[in-house]
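Residue numbers (this note's numbering), protein chains in the order written: chain R, 1384 to 1829; chain L, 1384 to 1829.
Number of protein chains: 2
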Amino acid sequence: MTISSHHHFRNGDKVANAVFAAAAELGVKELRWFPSAAFPCQAGLIDLLENHTIHHIEGSMNGPLGDYCSAGKMRGMGVLRSHGGRWQAVQDGEVHIDIAVLAAPTADPFGNANGVTGPSACGLLGFGLVDSIYAHHVVVVTDNLVPFPCIPWQIQGNNVDQVVVMDSIGDPEKIVSGTTQLTKSPDRLLIAEMTAQFIRDAGIMKDGFSLQAGAGGTALAFAIYLKEMMKEAGVKARFIRGGSTKYLVEMLEEGLTDYILDGQTFDLEGVRSMREYPNHQDTSPFTSYNFHGKGCFASFVDAVVLGATEVDVDFNANVVTHSDGRLLHGIGGWQNCLAGRCVILPIPSVRDRIPVIVDRVTTLCGPGELIDVVVTERGIAINPKRADLIDAVKGSKLPIRTIEEIQNEVERMCGGKPEPPKLGEKVVAAIKWVDGTVIDSVRQVL
Amino acid sequence: MTISSHHHFRNGDKVANAVFAAAAELGVKELRWFPSAAFPCQAGLIDLLENHTIHHIEGSMNGPLGDYCSAGKMRGMGVLRSHGGRWQAVQDGEVHIDIAVLAAPTADPFGNANGVTGPSACGLLGFGLVDSIYAHHVVVVTDNLVPFPCIPWQIQGNNVDQVVVMDSIGDPEKIVSGTTQLTKSPDRLLIAEMTAQFIRDAGIMKDGFSLQAGAGGTALAFAIYLKEMMKEAGVKARFIRGGSTKYLVEMLEEGLTDYILDGQTFDLEGVRSMREYPNHQDTSPFTSYNFHGKGCFASFVDAVVLGATEVDVDFNANVVTHSDGRLLHGIGGWQNCLAGRCVILPIPSVRDRIPVIVDRVTTLCGPGELIDVVVTERGIAINPKRADLIDAVKGSKLPIRTIEEIQNEVERMCGGKPEPPKLGEKVVAAIKWVDGTVIDSVRQVL
C-alpha cells in the first residue's frame, strides 16, 4: 500500500512517525511512503526501512533519509518530484494513494481542516490537498478538534473518511519559528543586495510586478534589500509568492504588495498574517505549480529567486545532491518556479572550499534554458540566451561577467576543479521533471 | 453538445441568452442546455427550442420554460435535479458538459473568478463550481476584469480555458435586490411564528444548534420570529445555512450565530456580509449537498424550513408542479435539505381556494419519511414516524393536529377535494432523486 503525508509541520512533525510505528506494530510490510517531503525528525524511519515495514520513499528526502538513500541502502528506488510534479503524478494516476494521513492543526469531526489555528498552527495545508482529493482513504489527524464547521476549510471534510485526535501532532517550535534567521555572512549579504539591484536595474521591479522569494538566509536578506529599493522608487508589487516570512508580511502590511500567494508559512508572522488578512491567500500546488492543469501561476512570476547546490557553465542547476553526490535536499517547488519570467540563482561561488560553478552538475534538476541569472559574490552571470536581460542592464554598475570567468577565478583560488563525486553504477533515485518524465537519476555514493 | 450555465444571477442573467444567441447565429443545432436553473428572463430561449438550436433543457425551469415543457412542446425530455444531484450527475459522468459558460462578477485574465465584487456582484459562484472542475471547455465571462490574482478565487483559473469580457453580464437589480420582501399576509405571519415556536418548544433551538432558512416571504418572517426567541432565551446557533438575506446577516452581526454557510446570496446585504466576514462562508453543492461524496453537511442541520406546492397525507411533498400539473418551479436544494434532522414545511393550507394538503401529490419530489412537520395556519401536523417530536411538544401550547384533520377542515371549507390536474400520457420531464435515480415523472398538461 501507499501511505501519504504532508510536510507542513516540517521538522516538527509527529504524525508520520506515529503512522509507521502503528504499521510496524500491525506487522504490515513493504509500504510505499509518499510524503510531500521527509525531514530529519523522521530519521527514525530508517529502522522501519531496514525491517521492511517501509519498502521505499517517494518524495523529497531532506537530510538523513536522503543520505540513507544515496548510500544505496533503500531497497526500492527513491523518486523525487517537485510539488507540482507530485500533484501531477497523483492527478494523472501515476501514483495511487491508498491512505492519506493528513496532520491538521484544527479540524472538525466531519474532517474539515485548516492550518491557521490551534497549538500546532502551520498556516495552510496545501501540500496535502491533492492527497485529500484523490486518495482512496483519507484520515485527518488533529490535536485541536472544534465543532463543525471548521472554517476556513482548507481541507474539505467531504473528501475525508476519518478524523483522529492525538494529544499532540507536532512540535510547534519546529513547525514554525518565531524568528527566521537572516544571514550574517558578508558574502551572502552582498549576493542578496546584488540580486535586488539586478531586479531593479533590469527594469523588472516596476508597479504591478510579481516576485517569488524563499526563506533561506540569503533570500530573506534579498527581500529586505528589495523592499527598501521598492520604497525608494515608490513601486508596489501585485503579488509576492511565498513561503511567507515576517519580511513578506511587513511588505503586505506596508502596502508594498497587493497580495501574498502563499505555499507555506515559514514563521509565526506568516501564520498570523494568513489568519488575519484576506489578501494573504493560501495556495496549493494545483494553483501554483501543476503543469498538467490548464496553466498555473508559476509562469506569471516576474522575478524568481531560488537556491542551488551547484550550477554549471550551461546554467543547468542542481538542488538535490551535494558535490560529493549525497542526496540531502528535496526539489520542493524549485523546478516549478523555473517557469517564471526571470529566474535568478543567488549562490556563493564557493562552499567549504569547493567551487559551486562546475562543468557539469552532479544531478540535473533544472535545465539551463530556464535559468536566467546566477548571482555570486564575484559577479553576476546572465544566461547568453537572455540577450534581453543582457541589454537591459547594459550601462548599469552591476558586475556582469560570463559564468566561465567566475568559474575560472574560483578554480584558481581553490586550486583547480572540484573532485568529481565517487559514484557507483546503481541508480538509487529518479529525479522527475514537472511533467512526470525523468530528467536525471541519482547514483549510489561509494 | 452540452452547454452549461449557472443561475447565480437569477432573473438578471444576460449570459445564457447571449450564448445561445451566438449558437443560433453559428447555426449550431440540437444543443442540450444544462443550467443549474433557468429563469423567466430566459423565456426568449423558447424561440431557440422551436428552431432546434436547443434540443432540450436539463435543469430546474422556473416559470415560462417550465410551462413550455409541461405543455409538451419541448422535443427532448426535461430532467430536473437538485443542486446536489446536479453535482452528482456531473461527477459520476452521467452528464458530460462540453462547454461551461460561467458568468463571473469579477475575474482575472487567467480565469480566477468570484462573485463578491464588481457591478454584477452576486455573492458567490458555487453553482458553477462543478462545471468549472469537470467540463471539457470552461469559459468565464465577466464585466469586471482585474489583474491576476482575482482573490477570492471561488472559481480557479487553473480549470478555465478562456476569459471573455462583456459590457454587462447581468442586471444587478434583478440579481440581488436591496430589500427582500417580508410577507404581509396575516396567515403567513402566523405560520412563520408557529414554525419558530415549534423549533423552540420541541427543544431544537438550543446553544450550538443549526438552522436552514430560505428567502421566501414566510421564511424571512420565520427567521425574524426565531431570532427574537433566540435572543430571549440567550441561545446562539453554531451555523445558519443560507440563502443569505439581511435578516441572516443581522443574526451574524448580533452574535446569534457563529457562521453563515451560504449557498447563494439573496440580497445586497448578503453580498456585503460575504465580502466582509470570514465567518460568512461561501459553499458549493459539493460541501452542502453532494450525496455521492463522503458525506455532506445537509445531514447536520438541526432545523430545516422549506416550502412546498403540495403535501399529501403521507407527508410526501411536491415542489415543482402546481395542483394544475404545470411545471413552474425548480428543485433547488430542496431535496438535499430533506436530509436534515427536523424538516418543517410551513405552508398555507389553501392557495387560490385550492387545498394544499392532498391525498397524493401531483409530483413526488420528497418522500414523506423525510418530512417531519407541516405547519399551516390551521395547525401543526407532525409525521407519525417522528414519535420523538410528538413527545417533545406534548404539553406545549402548539396547535398539534393530525394532517388528516387539517385536510378535512380545509376540504369542508373549499367545498371538497381539489380537482385532479388534467394530464396526458406523455412524460415531459423526469424528477431525479439526490442519488441520480428517478423518483417521479411529470406528464404533459392537457
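Yeah, the Cβ is synthetic: ideal placement off N, Cα and C, and Gly gets one too.
So, helix, strand or coil for residue i, using DSSP?
| i | result |
| --- | --- |
| T1640 (chain R) | strand |
| G1467 (chain L) | helix |
| N1791 (chain L) | helix |
| L1432 (chain L) | helix |
| V1473 (chain R) | helix |
| M1384 (chain L) | coil |
| V1398 (chain R) | helix |
| E1413 (chain R) | coil |
| L1829 (chain L) | coil |
| R1784 (chain L) | strand |
I'd like to know whether the C-beta atoms of residue i and residue j end up nearer to each other than 8 Å.
| i | j | result |
| --- | --- | --- |
| H1764 (chain L) | I1737 (chain L) | Going by the sequence as given, residue 1764 (chain L) is Ala instead of His. No, the Cβ-Cβ distance between A1764 (chain L) and I1737 (chain L) is not below 8 Å. |
| T1666 (chain R) | D1650 (chain R) | no |
| G1653 (chain R) | G1690 (chain R) | no |
| V1694 (chain R) | I1730 (chain R) | yes |
| V1828 (chain R) | K1805 (chain R) | yes |
| L1710 (chain L) | D1450 (chain L) | yes |
| I1714 (chain L) | L1463 (chain L) | yes |
| C1748 (chain R) | V1793 (chain R) | no |
| L1507 (chain L) | G1498 (chain L) | yes |
| N1719 (chain L) | H1439 (chain L) | no |
| D1697 (chain L) | G1762 (chain L) | no |
| S1688 (chain L) | F1605 (chain L) | In the sequence under discussion, the amino acid at residue 1688 (chain L) is Val, which differs from the Ser named in the question. The answer is yes: Cβ separation under 8 Å. |
| A1585 (chain R) | L1448 (chain R) | no |
| F1403 (chain L) | I1480 (chain L) | no |
| G1494 (chain L) | H1389 (chain L) | no |
| L1572 (chain R) | V1524 (chain R) | no |
| M1460 (chain R) | V1758 (chain R) | no |
| N1394 (chain L) | K1557 (chain L) | yes |
| D1570 (chain L) | E1808 (chain L) | no |
| G1553 (chain R) | K1780 (chain R) | no |
| F1422 (chain L) | N1400 (chain L) | no |
| D1550 (chain R) | V1521 (chain R) | no |
Does the beta carbon of residue i come closer than 8 Å to any beta carbon on chain C?
| i | result |
| --- | --- |
| C1679 (chain L) | Although the question refers to chain C, the structure presented lacks it and instead comprises the protein chains R and L. |
At 8 Å on the CB atoms, spell out the chain L contacts of residue i, in chain order.
| i | result |
| --- | --- |
| D1645 (chain R) | Chain L residues near D1645 (chain R): none, gap ~12 Å exceeds 8 Å. |
| D1544 (chain R) | K1677 |
Using a Cβ cut-off of 9 Å, pull out every chain L residue sitting near residue i, in sequence order please.
| i | result |
| --- | --- |
| R1621 (chain R) | P1530, F1531 and P1532 |
| G1591 (chain R) | P1530 |
| N1497 (chain R) | Those within 9 Å of N1497 (chain R) in chain L number zero; the least Cβ separation is about 11 Å. |
| Q1664 (chain R) | P1532, I1534, P1535 and W1536 |
Looking only at C-alpha atoms, which of the options sits nearest to residue i?
| i | options | result |
| --- | --- | --- |
| P1782 (chain L) | L:S1656, L:E1576, L:M1634 and L:N1699 | L:E1576 |
| D1735 (chain L) | L:I1440, L:T1692 and L:R1826 | L:T1692 |
| Q1539 (chain R) | R:A1504, R:I1587, R:G1506 and R:A1487 | R:A1487 |
| M1657 (chain R) | R:G1798, R:L1644 and R:P1668 | R:L1644 |
| W1816 (chain L) | L:R1784, L:V1687, L:N1701 and L:A1596 | L:N1701 |
| I1740 (chain R) | R:E1556, R:N1719, R:M1796 and R:N1400 | R:M1796 |
| V1547 (chain R) | R:P1492, R:R1583 and R:L1572 | R:P1492 |
| A1579 (chain R) | R:M1612, R:K1557 and R:G1599 | R:M1612 |
| G1410 (chain R) | R:G1798, R:L1431 and R:F1417 | R:L1431 |
| K1412 (chain L) | L:S1419, L:I1437, L:K1397 and L:A1401 | L:I1437 |
| E1637 (chain L) | L:Q1647, L:N1662 and L:G1646 | L:N1662 |
| S1560 (chain L) | L:R1769, L:Q1537, L:S1503 and L:S1593 | L:S1503 |
| I1386 (chain L) | L:P1532, L:D1514 and L:F1674 | L:D1514 |
| N1673 (chain L) | L:Q1471, L:A1401, L:A1421 and L:G1442 | L:Q1471 |
| E1788 (chain L) | L:V1632, L:D1774, L:I1822 and L:D1742 | L:D1742 |
| T1601 (chain R) | R:T1563, R:N1541, R:A1620 and R:V1776 | R:T1563 |
| C1533 (chain L) | L:T1489, L:N1541 and L:H1675 | L:T1489 |
Would you mind telling me which residues of chain R sit closer than 7 Å to residue i, beta carbon to beta carbon, in chain order?
| i | result |
| --- | --- |
| T1670 (chain L) | Q1539 and N1541 |
| Y1642 (chain L) | P1532 and I1534 |
Cβ closer than 8 Å: which chain R residues qualify as neighbours of residue i?
| i | result |
| --- | --- |
| C1673 (chain L) | Per the sequence shown, residue 1673 (chain L) should be read as Asn rather than Cys. Going along chain R in sequence order, the residues near N1673 (chain L) (Cβ under 8 Å) are N1541. |
| F1510 (chain L) | What F1510 (chain L) touches in chain R: nothing, since even the nearest Cβ is about 16 Å away. |
| F1493 (chain L) | G1678, F1680 and F1683 |
Secondary structure, alpha helix (DSSP H): runs of 4+ residues fully inside the region 1591–1639 of chain R: 1600–1616 and 1629–1636
Report the residue ranges of all beta strand (DSSP E) runs contained in full by the region 1489–1577 of chain R; include only those spanning at least 3 residues, in chain order. 1520–1525 and 1545–1548
Contiguous beta strand (DSSP E) assignments of at least 3 residues, all confined to the region 1715–1780 of chain L: 1726–1729, 1756–1759 and 1762–1765
Which runs of the beta strand (DSSP E) spanning at least 3 residues fall entirely within the region 1660–1698 of chain L, listed in chain order? 1663–1665, 1686–1688 and 1693–1695
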